[in-house]
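**Student:** Numbered by the working numbering, the letters in the sequence shown go through residues 139 to 424 in order.
Sharing a structure below in structure tokens format, with a few things to ask.
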Amino acid sequence: MAILDGRKVSKEILLNLAKDVNRMHLDHISPKLAVILVGKDPASLSYIRQKQKACDTTGIEWEQFDYETDVSTEDLIEKIEELNEDNTIHGILVQLPLPKQVFEPDVIRAIDPKKDVDGFTAYNIGKMFLSTDFEDLAPCTPRGAIKMLEYYDIDIKGKEAVVVGHSNIVGKPLSTMLLNRDATVTTCHIHTKDLASHTLRADILCVAVGKPNLITADMVKDGAVVVDIGVNRLESGKLCGDVDFENVEKKASYVSPVPGGAGPMTVACLMENVVIAAKRIHKYKS
Ligand code: GUN
């Protein structure tokens, strides 16, 4: 079994991006990400720290706007509209989840698709349906999973791919991206009957649910490639994914660990999206 080492792959991506950003600086373009954070959810704070660190590594500018948990939908939309008009800002990221009183779809819809570096707006999500050529500003977590498979030269075409989880930000777009690459795709979710009957057929098994040990070794085909996108914090404080790594690694050909797999790839893809957005906004060729 080999590891899909997201930490290593993401470092290479960030290093290349830093060179790109440096060239842009010489041409007086300074890619900049605006981040909106509501409340102090520990998981969100941890994600934001990782994103800020990646900005520091690549030379991307960072500006953060913090709001209390009682913020209204309208207040957030007002800030987003201001950032849409601000020529120094190339990417706008609203850290999710938002508090219950905020209507998330309206907040996402307010983001100019040109600056939607999370790839969450209907425009960017919809475009992805066309083909790989239209996957720019695609959601970062599924994009990161695909990039990891591509880095390790794992064939996708014609393979049985099973995605467990059908969220708008991971499962659904990841299924679309696998289909764009000619996999035969099954999307499983909370209402799927007999999950193991599906996962056992998978050449490529991607799991994004948020449930420790959801995927055990008896649910994995010999030699499968397993991408664990789950992030769970155990009572001990330790992070783990959705896959029983210790036992699944004995059966799989590749497994991505948690931490150190899909997480760092998500952050690297976010940085890539900021650079793509900045280049497009400034009509910068390179
Ligand atoms: N919350 C959990 N994952 C994400 C993500 O990829 N982007 C944003 N904005 N919020 C998240």
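Note that the Cβ used here is the ideal one computed from N, Cα and C, for glycine as well.
What is the C-beta distance between Ile367 and Ala346, in whole angstroms, given that I count them as a contact (C-beta under 8 Å)?
**Tutor:** Position 229 of the sequence shown, counted from the first residue, corresponds to residue 367. Position 208 of the sequence shown, counted from the first residue, corresponds to residue 346. Contact holds; Cβ gap of about 4 Å.
**Student:** When burial is assigned at 16 or more other CB atoms within 10 Å of the CB, is Leu372 buried or exposed?
**Tutor:** Start at 1 with the first residue of the sequence shown, and residue 372 comes out as number 234. Leu372 should be labelled exposed.
**Student:** Using beta-carbon positions only, say whether Val386 and Val413 come within less than 8 Å of one another.
**Tutor:** Reading the sequence shown from its first residue, position 248 is the one you call residue 386. Reading the sequence shown from its first residue, position 275 is the one you call residue 413. Contact flag unset, no.
**Student:** Between which two residues does the alpha helix (DSSP H) harbouring Thr337 extend?
**Tutor:** Looking up residue 337 in the sequence shown gives position 199. Unbroken alpha helix (DSSP H) run through Thr337: 333-337.
**Student:** In this structure, how does DSSP classify Phe383 when only helix, strand and coil are distinguished?
**Tutor:** For the purposes of this step, residue 383 is taken as the residue at position 245 of the sequence shown. DSSP places Phe383 in helix when its eight states are reduced to three.
**Student:** If you check the beta carbons only, do Gly399 and Leu142 fall under 8 Å apart?
**Tutor:** By 1-based counting over the sequence shown, the position of residue 399 is 261. By 1-based counting over the sequence shown, the position of residue 142 is 4. Yes. Within cutoff.
**Student:** Just grab the DSSP bridge partners of Phe258 for me.
**Tutor:** On the sequence shown, position 120 is the one that residue 258 refers to. In DSSP, Phe258 forms no bridge with anything.
**Student:** Are Lys297 and Asp341 close, meaning C-beta to C-beta below 8 Å?
**Tutor:** Here the question's residue 297 lines up with position 159 in the sequence shown. Here the question's residue 341 lines up with position 203 in the sequence shown. Yes; because the gap between Cβ atoms is below 8 Å, this pair is in contact.
**Student:** Report the partner residues of Cys344 according to the DSSP bridge assignment.
**Tutor:** Residue numbering aside, residue 344 sits at position 206 when the sequence shown is read from its first letter. DSSP, once it has assigned bridges, lists Val301, Val365 as partnering Cys344.
**Student:** Between Ile186 and the rest of its own chain, which residues show a CB-CB distance below 8 Å, the 5 nearest in sequence each way excluded?
**Tutor:** By 1-based counting over the sequence shown, the position of residue 186 is 48. Within the same chain, Ile186 has close Cβ partners Val173, Leu175, Gln202, Gln233.
**Student:** Under the DSSP definition of a beta bridge, which residues are partnered with Val413?
**Tutor:** Within the sequence shown, the letter at position 275 stands for residue 413. DSSP output for Val413 lists no bridge partner at all.
**Student:** Just confirm the distance between the C-beta atoms of Ala415 and Lys252, as a whole number of angstroms; I'd bet it's less than 8 Å.
**Tutor:** By one-based count along the sequence shown, residue 415 stands at place 277. By one-based count along the sequence shown, residue 252 stands at place 114. That pair is a contact at about 6 Å.
**Student:** Going by C-alpha to C-alpha distance, which of Val147, Lys189, Asp204, Glu199 sits closest to Lys170?
**Tutor:** For this step, residue 170 is matched to residue 32 along the sequence shown. Among Val147, Lys189, Asp204, Glu199, the Cα nearest to that of Lys170 belongs to Glu199.
**Student:** Are there 16 or more other CB atoms within 10 angstroms of the CB of Met139, so buried, or fewer, so exposed?
**Tutor:** Taking the first residue of the sequence shown as 1, we reach residue 139 at position 1. Exposed, by the Cβ-count rule.
**Student:** Mapping DSSP to helix, strand and coil, what is Gln239?
**Tutor:** Sequence index remark: in the sequence shown, residue 239 carries index 101 (1-based). Coil.
**Student:** Where does the unbroken alpha helix (DSSP H) through Lys295 begin, and where does it stop?
**Tutor:** Residue 295 sits at position 157 when you count from the first residue of the sequence shown. Counting along the chain, Lys295 falls outside any alpha helix (DSSP H), and DSSP gives it neither H nor E.
**Student:** If you drop the 5 nearest sequence neighbours on each side, which residues of the same chain put their C-beta closer than 8 Å to that of Arg161?
**Tutor:** If you number the sequence shown from 1, residue 161 lands on position 23. Excluding positions up to five away in sequence, the list reads Ser424.
**Student:** What are the boundary residues of the beta strand (DSSP E) that includes Asp230?
**Tutor:** Here the question's residue 230 lines up with position 92 in the sequence shown. According to the sequence shown, residue 230 is Ile rather than Asp. Run containing Ile230: 229-232, per the beta strand (DSSP E) assignment.
**Student:** Should Thr259 be labelled buried (16 or more other beta-carbon atoms within 10 Å of its own) or exposed?
**Tutor:** Looking up residue 259 in the sequence shown gives position 121. Thr259 should be labelled buried.
**Student:** For Lys146, which option in Val369, Cys326, Gly309, Tyr290 has the closest C-alpha, if you only look at C-alpha atoms?
**Tutor:** In the sequence shown, counting from the first residue as 1, residue 146 sits at position 8. Checking every option, the nearest Cα to that of Lys146 belongs to Tyr290.
**Student:** Alpha carbon to alpha carbon, how far is Val365 from Gly309?
**Tutor:** Within the sequence shown, numbered from 1, the residue matching residue 365 stands at position 227. Within the sequence shown, numbered from 1, the residue matching residue 309 stands at position 171. Each residue's Cα considered, the two are about 12 Å apart.
**Student:** Mind checking Ser335: buried by the 16 CB within 10 Å criterion, or exposed?
**Tutor:** On the sequence shown, position 197 is the one that residue 335 refers to. Flag for Ser335 reads exposed.
**Student:** So, do the segment 273-280 and the segment 310-328 have three or more beta carbon pairs nearer to each other than 8 Å?
**Tutor:** With a cut-off of 8 Å, the segment 310-328 and the segment 273-280 count as touching, because enough Cβ pairs lie within range.
**Student:** Going by the C-beta, is Ile167 closer than 7 Å to any heavy atom of the ligand GUN?
**Tutor:** On the sequence shown, position 29 is the one that residue 167 refers to. Outside the cutoff, so no.
**Student:** Taking 7 Å as the limit between beta carbons, can you name the residues of its chain near Thr155, skipping five residues before and five after?
**Tutor:** Indexing the sequence shown from 1 puts residue 155 at position 17. First, the residue type needs correcting, since residue 155 is Leu and not Thr in the sequence shown. The answer, listed in chain order, is Thr196, Met409, Glu410, Val413.
**Student:** In three-state DSSP terms, what is Ala400?
**Tutor:** Residue numbering aside, residue 400 sits at position 262 when the sequence shown is read from its first letter. Helix at Ala400.
**Student:** Excluding the 5 residues flanking His327 on each side, which residues of the same chain have their C-beta closer than 6 Å to its C-beta?
**Tutor:** Stepping through the sequence shown from its first residue, residue 327 is reached at position 189. These residues qualify, in order along the chain: His304.
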